[in-house]
Every structure is written in structure tokens, then in C-alpha cells.
Amino acid sequence: MRVAPVIPVLVIDDLGHARETAEALVEGGLKVLEVTLRTPQALDAIKRMNLVPGAIVGAGTVTNPDQLKAAMDAGSEFIVSPGLTQRLGEAAIKAGVPFLPGIANSGDIMRGMDMGLTHFKFFPAMANGGIPALKALAAPFYQCKFCPTGGVSLQNAPDWLALDPVLCVGGSWVAPKGASPEEIAKLAREAAAL
3 MRVAPVIPVL VIDDLGHARE TAEALVEGGL KVLEVTLRTP QALDAIKRMN
53 LVPGAIVGAG TVTNPDQLKA AMDAGSEFIV SPGLTQRLGE AAIKAGVPFL
103 PGIANSGDIM RGMDMGLTHF KFFPAMANGG IPALKALAAP FYQCKFCPTG
153 GVSLQNAPDW LALDPVLCVG GSWVAPKGAS PEEIAKLARE AAAL
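In C-alpha cells, the structure reads:
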């Protein structure tokens, strides 16, 4: 969460573009890459992106222990989930992998803290009330750090990053569908400069 201000949230539809997308993002200064398990190509994309020097590749949209194992087997260096269940949390902790579970309310945070977790993805950030909601949630949980994702953009990312408990944001705008490697590298440079 401290490597760069933005973690690209990637949906890989075309395996042929996986490596060049990773190369463009790393060249632009974004080394931590979250490949969402939303397409059949995702696990193979993780394997290909891992070949890019400097890339730190993880799996997102991990919702159960079976997906966690498959993501780890594909070489994921971290795991991101849209939510937090007891089964998934315990499996991630047992695997010893950096784990960023999604939270939307104080109960989610308390469940995570009961498992020893203090770093969370605030998701979906804008639909859950945006910055005012995270400020209110973070106040009683002063020891926790957050990565807002969902509705975060180049325009509003600086406002999120200005919040003390926010270490980084997640966003899909840095690698839009159909963008060329040159466009992605430019967007990554802008994001890395935030």
C-alpha cells in the first residue's frame, strides 16, 4: 500500500495484452498491479505479468478460499477481496500472504480487527458515501489504514490521498479498455505523481 499512491485495478479480457499492460504501468511508475478474477484469463494474466521486472502482481476480486489458492498458485504476491468473510480471512492469514479485504461499515472493520487485520479496502468507496463516510468510519478505528476503491478517479484521488488513514487508492482509470501501452504509461505517470 505504500509502494505507489494508486493500485491499478485491472480486468484482463485479452491475454495477449497482459504483459504489455504490466510493462506500461511499471514504466509509468505503478508497480503494484491488481488483476481482478473477473475473467477466465485472469490467472494466466497474473503469470504473464509476473514476468515483468519490477511488477508486484496480485489478485483482486478474491471471494473464497478456493480462489485464494488458485491465485497463490498463479504467483499472486498479494490478495484483494471486495469483502471479508471468516473463511476467506482465516485462509489468507494462514497462507501468510498480504491481504486487503473490502469493508463497507464498522462491523466489517471490527470483524477484520478480530482476525488481527488493520489494513482494508474501502469498497465501493463512492457508493458507500465517499470521503465523509470514510472519515466517520476511520475516526473510531484510528489504528486502521485504507485503500478506497470504486468510483475513485484522477480527479478525486488527491482528495482521498489527503486523508491521513488513506495510504493509497485503487482505480481502473489508469488502464482503460482499448488503451495503447503508450496511453497507459502516460496515465500511470499522472497517477504515480499524485
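Heads up, the sequence shown stops at 196 in our numbering, and the numbers go up one at a time, no gaps.
Think of the CB as a built atom: it goes at the ideal place given N, C-alpha and C, for glycine as much as any other residue.
Please read all numbers here as calculations on a predicted model, not as lab measurements.
Residue i to residue j span [Cα, whole Å]
{"i": "Gly114", "j": "Gln43", "result": "30 Å"}
{"i": "Asp15", "j": "Gly62", "result": "15 Å"}
{"i": "Asp161", "j": "Val154", "result": "10 Å"}
{"i": "Tyr144", "j": "Leu27", "result": "32 Å"}
{"i": "Ala138", "j": "Ala76", "result": "38 Å"}
{"i": "Gly98", "j": "Pro84", "result": "19 Å"}
{"i": "Met112", "j": "Gln69", "result": "24 Å"}
{"i": "Phe125", "j": "Ala106", "result": "6 Å"}
{"i": "Asn130", "j": "Ala47", "result": "30 Å"}
{"i": "Gly104", "j": "Ala177", "result": "22 Å"}
{"i": "Ala135", "j": "Phe122", "result": "14 Å"}
{"i": "Val82", "j": "Lys188", "result": "25 Å"}
{"i": "Ala57", "j": "Arg40", "result": "20 Å"}
{"i": "Gly180", "j": "Met117", "result": "40 Å"}
{"i": "Gln157", "j": "Thr87", "result": "32 Å"}
Contact set for residue i: own chain, Cβ-Cβ below 8 Å, skip 5 residues either direction
{"i": "Ala194", "result": "Ala6, Pro7, Val8, Gly30, Gly31 and Leu32"}
{"i": "Pro142", "result": "Ser108"}
Residue i in three-state terms, based on DSSP
{"i": "Pro178", "result": "coil"}
{"i": "Ala97", "result": "helix"}
{"i": "Glu192", "result": "helix"}
{"i": "Pro55", "result": "coil"}
{"i": "Ile14", "result": "coil"}
{"i": "Ala72", "result": "helix"}
{"i": "Lys203", "result": "As shown, the chain starts at 3 and ends at 196. That puts residue 203 outside it, with no answer to give."}
{"i": "Gly109", "result": "helix"}
{"i": "Lys33", "result": "coil"}
{"i": "Ala127", "result": "coil"}
{"i": "Leu90", "result": "helix"}
{"i": "Gly118", "result": "coil"}
{"i": "Ala61", "result": "strand"}
Buried or exposed by the 16-neighbour rule on C-beta atoms within 10 Å, applied to residue i
{"i": "Ser182", "result": "exposed"}
{"i": "Ile95", "result": "exposed"}
{"i": "Gly18", "result": "exposed"}
{"i": "Ala164", "result": "exposed"}
{"i": "Glu184", "result": "exposed"}
Same chain only: Cβ atoms within 6 Å of residue i, ignoring 5 sequence neighbours per side
{"i": "Gly172", "result": "Ile9, Val11, Cys149 and Thr151"}
{"i": "Phe80", "result": "Gly60 and Pro100"}
Residues of its chain near residue i, where Cβ-Cβ distance is below 7 Å and the 5 sequence neighbours each way are ignored
{"i": "Arg21", "result": "Arg50, Met51, Leu53 and Val54"}
{"i": "Cys170", "result": "Met3, Ala6, Pro7, Val8, Ile9 and Cys149"}
{"i": "Pro67", "result": "Arg89, Leu90 and Ala93"}
{"i": "Thr120", "result": "Gln145, Cys146 and Lys147"}
{"i": "Met74", "result": "Ala97 and Val99"}
{"i": "Ala72", "result": "Leu45"}
Residue range of the alpha helix (DSSP H) that includes residue i
{"i": "Thr23", "result": "Ala20 to Glu29"}
{"i": "Gly132", "result": "Gly132 to Ala140"}
{"i": "Asp161", "result": "Ala159 to Leu163"}
Residue interval of the beta strand (DSSP E) (run including residue i)
{"i": "Pro150", "result": "Lys147 to Pro150"}
{"i": "Gly173", "result": "Val171 to Gly173"}
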